[in-house]
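Take a look at the structure set out below.
There are 2 protein chains.
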Amino acid sequence: MAFKTDIQIAREAAKRPIQEIGEKLGISSDDLLPYGHDKAKVSQSFIDSVQDRPDGKLILVTAINPTPAGEGKTTTTVGLGDGLNRIGKKAAVCIREASLGPNFGMKGGAAGGGYAQIVPMEEMNLHFTGDFHAITSAHNLLAAMIDNHIYWGNELEIDTRRVVWRRVVDMNDRALRQITASLGGVPNGFPRESGFDITVASEVMAILCLAKNLTDLQERLGAMIVAYRRDRSPVYARDIKADGAMTVLLKDAMQPNLVQTLENNPAFVHGGPFANIAHGCNSVIATTTALKLADYVVTEAGFGADLGAEKFMNIKCRKAGLAPSVVVVVATVRAMKMNGGVAKADLGAENVEAVQKGCANLGRHIENVKSFGVPVVVAINHFVTDTDAEVQTVKDYVAAQGAEAILSRHWELGSEGSADLATRVAEIADGDSANFAPLYADEMPLFQKIETIAKLIYRADEVLADQKVRNQLKDWEEQGYGDLPVCMAKTQYSFSTDPDLRGAPTGFGVPIREVRLSAGAGFVVVICGEIMTMPGLPRVPSAEAIKLNADGDVEGLF
Amino acid sequence: MAFKTDIQIAREAAKRPIQEIGEKLGISSDDLLPYGHDKAKVSQSFIDSVQDRPDGKLILVTAINPTPAGEGKTTTTVGLGDGLNRIGKKAAVCIREASLGPNFGMKGGAAGGGYAQIVPMEEMNLHFTGDFHAITSAHNLLAAMIDNHIYWGNELEIDTRRVVWRRVVDMNDRALRQITASLGGVPNGFPRESGFDITVASEVMAILCLAKNLTDLQERLGAMIVAYRRDRSPVYARDIKADGAMTVLLKDAMQPNLVQTLENNPAFVHGGPFANIAHGCNSVIATTTALKLADYVVTEAGFGADLGAEKFMNIKCRKAGLAPSVVVVVATVRAMKMNGGVAKADLGAENVEAVQKGCANLGRHIENVKSFGVPVVVAINHFVTDTDAEVQTVKDYVAAQGAEAILSRHWELGSEGSADLATRVAEIADGDSANFAPLYADEMPLFQKIETIAKLIYRADEVLADQKVRNQLKDWEEQGYGDLPVCMAKTQYSFSTDPDLRGAPTGFGVPIREVRLSAGAGFVVVICGEIMTMPGLPRVPSAEAIKLNADGDVEGLF
Chain A
1 MAFKTDIQIA
11 REAAKRPIQE
21 IGEKLGISSD
31 DLLPYGHDKA
41 KVSQSFIDSV
51 QDRPDGKLIL
61 VTAINPTPAG
71 EGKTTTTVGL
81 GDGLNRIGKK
91 AAVCIREASL
101 GPNFGMKGGA
111 AGGGYAQIVP
121 MEEMNLHFTG
131 DFHAITSAHN
141 LLAAMIDNHI
151 YWGNELEIDT
161 RRVVWRRVVD
171 MNDRALRQIT
181 ASLGGVPNGF
191 PRESGFDITV
201 ASEVMAILCL
211 AKNLTDLQER
221 LGAMIVAYRR
231 DRSPVYARDI
241 KADGAMTVLL
251 KDAMQPNLVQ
261 TLENNPAFVH
271 GGPFANIAHG
281 CNSVIATTTA
291 LKLADYVVTE
301 AGFGADLGAE
311 KFMNIKCRKA
321 GLAPSVVVVV
331 ATVRAMKMNG
341 GVAKADLGAE
351 NVEAVQKGCA
361 NLGRHIENVK
371 SFGVPVVVAI
381 NHFVTDTDAE
391 VQTVKDYVAA
401 QGAEAILSRH
411 WELGSEGSAD
421 LATRVAEIAD
431 GDSANFAPLY
441 ADEMPLFQKI
451 ETIAKLIYRA
461 DEVLADQKVR
471 NQLKDWEEQG
481 YGDLPVCMAK
491 TQYSFSTDPD
501 LRGAPTGFGV
511 PIREVRLSAG
521 AGFVVVICGE
531 IMTMPGLPRV
541 PSAEAIKLNA
551 DGDVEGLF
Chain B
1 MAFKTDIQIA
11 REAAKRPIQE
21 IGEKLGISSD
31 DLLPYGHDKA
41 KVSQSFIDSV
51 QDRPDGKLIL
61 VTAINPTPAG
71 EGKTTTTVGL
81 GDGLNRIGKK
91 AAVCIREASL
101 GPNFGMKGGA
111 AGGGYAQIVP
121 MEEMNLHFTG
131 DFHAITSAHN
141 LLAAMIDNHI
151 YWGNELEIDT
161 RRVVWRRVVD
171 MNDRALRQIT
181 ASLGGVPNGF
191 PRESGFDITV
201 ASEVMAILCL
211 AKNLTDLQER
221 LGAMIVAYRR
231 DRSPVYARDI
241 KADGAMTVLL
251 KDAMQPNLVQ
261 TLENNPAFVH
271 GGPFANIAHG
281 CNSVIATTTA
291 LKLADYVVTE
301 AGFGADLGAE
311 KFMNIKCRKA
321 GLAPSVVVVV
331 ATVRAMKMNG
341 GVAKADLGAE
351 NVEAVQKGCA
361 NLGRHIENVK
371 SFGVPVVVAI
381 NHFVTDTDAE
391 VQTVKDYVAA
401 QGAEAILSRH
411 WELGSEGSAD
421 LATRVAEIAD
431 GDSANFAPLY
441 ADEMPLFQKI
451 ETIAKLIYRA
461 DEVLADQKVR
471 NQLKDWEEQG
481 YGDLPVCMAK
491 TQYSFSTDPD
501 LRGAPTGFGV
511 PIREVRLSAG
521 AGFVVVICGE
531 IMTMPGLPRV
541 PSAEAIKLNA
551 DGDVEGLF
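Structure (structure tokens):
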């Protein structure tokens with residue numbers, strides 16, 4: 001039995017004009033700003049006009065710790081959205097945009113897979129509607145204005161050794177990680193060390209994804225710390241007077257992008273903050289807009305539930321006043337097997353014992369999600385080699401945890417395969433049994449917030465931090481930043497900081513290497529391990545094989 | 001009498017949906033890729049489908065040497081286009097796109113002025129349809145792939161001191177002019193000196209504007225020289241295998257952008273190569289497409305006729321097989337006065353003698369344009385302080401040169417003011433009296449091409465060049481680049497290389513500082529003076545005042 005590739009399926013999609021997709025949500029064609037015939041932005045004026053409407057139900061899709069087997073979190077997000085529409089519900093999907101640069105290193109990604117995808121796939125892997133380019137421009141305008149300020153006399157008395165605002169480019173370019181800039185003598189400024197990050201790592205990206213509207217956007221941009229003086233006092237972007245122009249550059253990018261699933265259901269694809277040094281969710285404005293237009297909104301968060309769902313709850317929901325009605329934890333039989341110790345090459349053979357053993361990872365995620373007061377459903381994303389006995393093993397395990405696991409075949413069958421999942425998810429959402437609360441209060445001291453997450457979510461024994469880190473957190477509390485949530489940056493492969501510790505480990509400490517303040521985005525980044533904010537290209541980058549073929553189609557990108 | 005500002009007039013424009021504008025040229029809405037409601041790209045498939053149609057008449061608008069008084073070349077281009085439509089002709093306008101970066105230094109520019117403008121003005125000064133961002137991405141992908149190639153073993157044996165491919169950003173950022181990259185140890189590569197240019201200075205931009213189609217684009221991209229080996233042999237972009245992926249990044253950007261004039265007539269705004277180190281015209285694909293769709297196409301070329309029209313004729317027309325039917329040289333009474341020695345502050349007072357004296361500059365441009373075998377009309381772009389006597393002085397002078405000067409009031413009156421100019425221009429174009437030929441043959445040696453332009457156009461006595469420059473030109477001839485045209489880079493303010501030498505100077509030499517080979521674009525750049533390929537921001541950049549006001553309109557950009 002031969003399966004079609006994701007790109008084959010995506011190219012065969014019977015796309016409808018984007019105006020028809022908008023109509024399903026009550027957006028008139030005047031309120032859609034089209035980008036070609038299959039993409040559009042929803043106008044700010046329309047968004048303003050629906051603010052008084054009631055909200056739909058918010059459904060979060062998260063997952064177990066990722067394994068090389070693949071879990072299909074986005075695939076399930078899309079499949080569930082289509083499934084809800086199939087059973088007669090008015091539903092929309094909200095996911096993140098892809099970063100352009102990495103697609104020229106490794107192959108670009110689909111948004112979903114099989115018969116649960118969002119299209120147009122090529123555009124979403126290339127320039128899309130230009131949002132990331134706008135973020136790059138806004139970020140680099142601020143950088144140019146900082147050096148320009150120093151050049152013309154440095155009235156703000158910036159310590160040129162302490163300019164923390166780097167530049168960004170949406171490209172995997174290791175040569176730019178660390179540079180010396182302003183060389184070449186007097187006309188080029190004062191030489192200093194700096195570097196580039198990839199665009200998704202920009203605080204501007206995180207802000208775009210958390211801002212409620214353009215006014216909030218500008219305030220947050222102005223609040224970003226760009227440098228320090230010799231006395232260590234901070235210099236803000238608003239001191240550089242860059243916040244207004246940055247907002248102008250971002251005004252179109254703030255409008256959410258509407259596209260469609262293979263089944264012509266509405267999907268918002270907007271924003272894409274780095275899931276390591278930021279919160280890794282699609283934009284608040286897309287999610288809140290979708291909630292005004294649909295009765296059910298299915299969204300997702302980066303990595304496993306220990307990272308993605310935790311930040312979704314403690315950062316995005318807290319900041320935006322959102323509350324999920326139900327959480328879907330995606331698992332696969334294959335991933336259970338890997339968590340149970342099976343090598344990737346052996347995943348094809350039935351191994352009920354390994355599935356059973358690997359379920360411990362899933363079990364802890366279920367427990368964690370419940371601790372936010374939200375009901376949980378497990379979606380078993382079906383793979384062709386799964387046996388009935390293996391699937392039943394997962395179902396039995398989940399039932400023993402007081403939850404429910406449903407097999408879903410959206411990858412193979414589209415919404416026909418996810419109707420059962422959708423039916424049950426809708427029932428739970430409609431039951432209004434959720435009683436969501438973030439894990440910690442705003443007032444809790446910063447270090448205690450870190451400990452709370454490490455102990456309650458990761459199940460660590462302790463948090464290990466130098467006095468320097470503890471003092472830094474105290475300083476920020478004294479400066480008025482103590483109310484901020486913490487944004488954890490650690491490996492996605494384990495509950496611990498050791499990527500090889502699969503399953504449900506205990507008896508470990510969480511070492512903190514560094515803390516950073518994102519004053520505009522509004523969180524304290526807590527770094528537990530190496531973070532690479534500018535990737536490199538592999539020996540043979542996929543760019544070498546990317547080209548237009550004789551039909552004008554893109555080859556090699558997928 | 002109070003006049004409205006350009007931005008006030010632009011905001012009051014009664015724009016029609018872009019599909020209606022397309023209809024005027026026979027482009028169906030399926031063949032337009034909309035970007036919002038007032039911008040669209042013309043699909044490549046539609047462009048392919050009209051290739052067998054006959055061409056309309058091509059009209060070039062050029063000008064005297066620019067003065068601080070302003071000449072209104074773009075304003076006249078737009079006014080003439082509207083005038084032609086007013087008198088019942090099917091006409092389209094083709095102009096260049098604006099660069100985003102410089103707008104945050106000095107105020108952004110309108111496309112035209114008064115009642116002869118192209119809209120939407122804000123978008124055209126910001127991200128527009130993303131073409132420049134695509135060029136930036138393609139350029140920087142190649143840069144990343146070069147350093148990545150060196151990092152992984154440098155099989156091509158690139159001399160890291162001789163990597164000539166820099167990076168680009170669409171921002172005025174002097175701190176990036178000269179940098180040391182790849183610092184930080186083994187994981188970041190081999191440290192080397194490099195730097196950034198502004199995006200419009202990229203050879204990729206020049207190529208996008210000269211390529212006939214996507215196949216031609218990819219070939220030219222592959223032919224770019226990116227580095228040299230220790231034996232001085234060139235390494236090409238195709239050796240790095242970047243040409244396919246760059247073409248994919250540029251495939252949408254290659255499609256011309258359609259917008260409209262204030263009078264709802266079609267305008268193509270596409271491409272914008274740096275007029276100094278490149279040829280400074282809008283894209284060949286926009287011009288050739290417009291010629292298939294309209295009976296008259298009005299376009300322009302950067303700076304005065306000595307630079308812009310010369311490169312338009314000798315580079316763009318030669319390469320694209322284009323031939324203008326008539327050339328309009330724009331002059332103003334005020335600019336004549338400045339050329340005649342009047343200071344800017346005194347331009348308001350009548351001064352027939354200064355006008356008479358300043359006409360020498362205009363006279364030489366008329367003579368030069370005629371030397372290409374194309375008939376000339378002078379458009380006197382009317383300014384409110386012009387007196388009848390001053391206007392008559394210009395008319396009499398031009399008549400004595402065997403040409404015709406027509407007063408045009410499009411700035412104040414729109415097409416009502418340019419109908420006379422349009423009528424006469426159409427008559428001349430219809431008369432088919434042009435017998436266009438470039439100034440020199442492909443086979444002429446490179447140095448002789450430079451001498452031909454310097455002596456026949458600039459009226460210099462001699463060209464001054466070191467043996468090193470002459471040897472370099474000889475080397476390129478031996479390598480097969482002798483057939484290329486030369487792309488002159490000199491001050492736009494004078495026929496000479498001294499910006500203060502106004503009027504029609506004689507008795508000077510043209511010193512050549514440097515020559516550069518743009519092997520992909522297909523010309524040899526001849527640099528006569530300083531060229532700044534990365535501008536800086538002023539002490540108080542306009543960005544400080546740019547913001548969204550309470551109505552959501554952009555303030556401070558204009």
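Residue numbers (UniProt numbering), protein chains in the order written: chain A, 1 to 558; chain B, 1 to 558.
C-beta: ideal position from N, C-alpha, C; glycine also.
Residue-level contact to chain B via CB, residue i, 8 Å cutoff
| i | result |
| --- | --- |
| tryptophan 152 of chain A | yes |
| glutamate 155 of chain A | no |
| threonine 160 of chain A | no |
| proline 256 of chain A | no |
| alanine 138 of chain A | no |
| proline 34 of chain A | yes |
| threonine 180 of chain A | yes |
| arginine 539 of chain A | yes |
| leucine 208 of chain A | no |
| glutamate 12 of chain A | no |
Chain-order list of residues whose beta-carbon lies under 7 Å from that of residue i (same chain, five-residue window excluded)
| i | result |
| --- | --- |
| threonine 497 of chain A | Lys490, Thr491, Val510, Pro511, Cys528, Gly529 |
| aspartate 243 of chain B | Gln218, Leu221, Gly222, Ala237 |
Short CB-CB distance (under 8 Å) between residue i and chain A
| i | result |
| --- | --- |
| arginine 220 of chain B | no |
| valine 259 of chain B | no |
| aspartate 551 of chain B | no |
| phenylalanine 104 of chain B | yes |
| histidine 127 of chain B | yes |
| valine 119 of chain B | no |
| valine 200 of chain B | no |
Own chain partners of residue i with C-beta closer than 6 Å, once the 5 adjacent residues on each side are dropped
| i | result |
| --- | --- |
| leucine 362 of chain B | Ile64, Ala331 |
| lysine 57 of chain B | Tyr296, Ser325, Ala429 |
| arginine 229 of chain B | Glu157, Asp159 |
| aspartate 314 of chain A | For the record, residue 314 of chain A in the displayed sequence is asparagine; it is not aspartate. Excluding positions up to five away in sequence, the list reads Pro438, Leu439, Pro485. |
| asparagine 188 of chain A | Ser182 |
Contacts around residue i, its chain only, beta-carbon distance under 8 Å, and the 5 residues preceding and following it disregarded
| i | result |
| --- | --- |
| alanine 69 of chain B | Thr332, Arg334, Ala335, Lys337, Met338, Lys344, Leu347 |
Rounded separation between residue i and residue j - CA only
| i | j | result |
| --- | --- | --- |
| leucine 407 of chain B | alanine 111 of chain B | 21 Å |
| threonine 199 of chain A | threonine 289 of chain A | 25 Å |
| methionine 1 of chain B | alanine 10 of chain B | At methionine 1 of chain B, the pLDDT of 49 sits below 50, so the modelled position is not reliable; the number obtained from the coordinates is stated separately. Going by the C-alpha atoms only, they are around 19 Å apart. |
| valine 355 of chain A | valine 394 of chain A | 7 Å |
| threonine 180 of chain A | leucine 183 of chain B | 8 Å |
| alanine 519 of chain B | cysteine 209 of chain B | 14 Å |
| phenylalanine 436 of chain A | lysine 212 of chain A | 21 Å |
| asparagine 368 of chain B | aspartate 170 of chain B | 35 Å |
(request) Could you say if the stretch 286 to 297 of chain A and the stretch 149 to 164 of chain A meet the contact criterion of at least three C-beta pairs nearer than 8 Å? (result) No: the two stretches stay apart, fewer than three of their Cβ pairs being nearer than 8 Å.
(request) Go through the stretch 101 to 182 of chain A residue by residue and report every complete run of the alpha helix (DSSP H) that reaches 4 residues or more, in order. (result) Counting only runs of 4 or more residues that sit fully inside the stretch 101 to 182 of chain A, the alpha helix (DSSP H) segments are 121 to 125, 131 to 151, in chain order.
(request) Counting only runs of 3+ residues fully inside the stretch 387 to 413 of chain A, write out the beta strand (DSSP E) ranges in chain order. (result) Secondary structure in the stretch 387 to 413 of chain A: the beta strand (DSSP E) runs of 3 residues or longer, each lying completely within the stretch, are 404 to 408 in chain order.
(message) Check whether the stretch 87 to 98 of chain A and the stretch 117 to 126 of chain A are in contact - that is, three or more C-beta pairs closer than 8 Å.
(response) The stretch 87 to 98 of chain A makes contact with the stretch 117 to 126 of chain A; the number of CB pairs closer than 8 Å reaches 3 or more.
(request) Could you tell me whether the stretch 541 to 551 of chain B touches the stretch 499 to 519 of chain B, using the rule of 3 or more Cβ pairs below 8 Å? (result) Flag = no, the stretch 541 to 551 of chain B and the stretch 499 to 519 of chain B do not touch.
(message) Any contact between the stretch 390 to 405 of chain A and the stretch 33 to 50 of chain A? By contact I mean 3 or more CB pairs, one from each, below 8 Å.
(response) Fewer than three Cβ pairs drawn from the stretch 390 to 405 of chain A and the stretch 33 to 50 of chain A lie within less than 8 Å of each other, which leaves the two stretches out of contact.
(message) If we require 4 or more residues per run, which alpha helix (DSSP H) segments fall completely within the stretch 54 to 101 of chain A?
(response) Listed in chain order, the alpha helix (DSSP H) elements of length 4 or more contained wholly in the stretch 54 to 101 of chain A are 73 to 86.
(message) Can you pull out the residues from the stretch 518 to 535 of chain A whose beta carbon lies closer than 8 Å to at least one beta carbon of chain D?
(response) In summary, chain D is missing from the structure at hand, where the protein chains are A and B.
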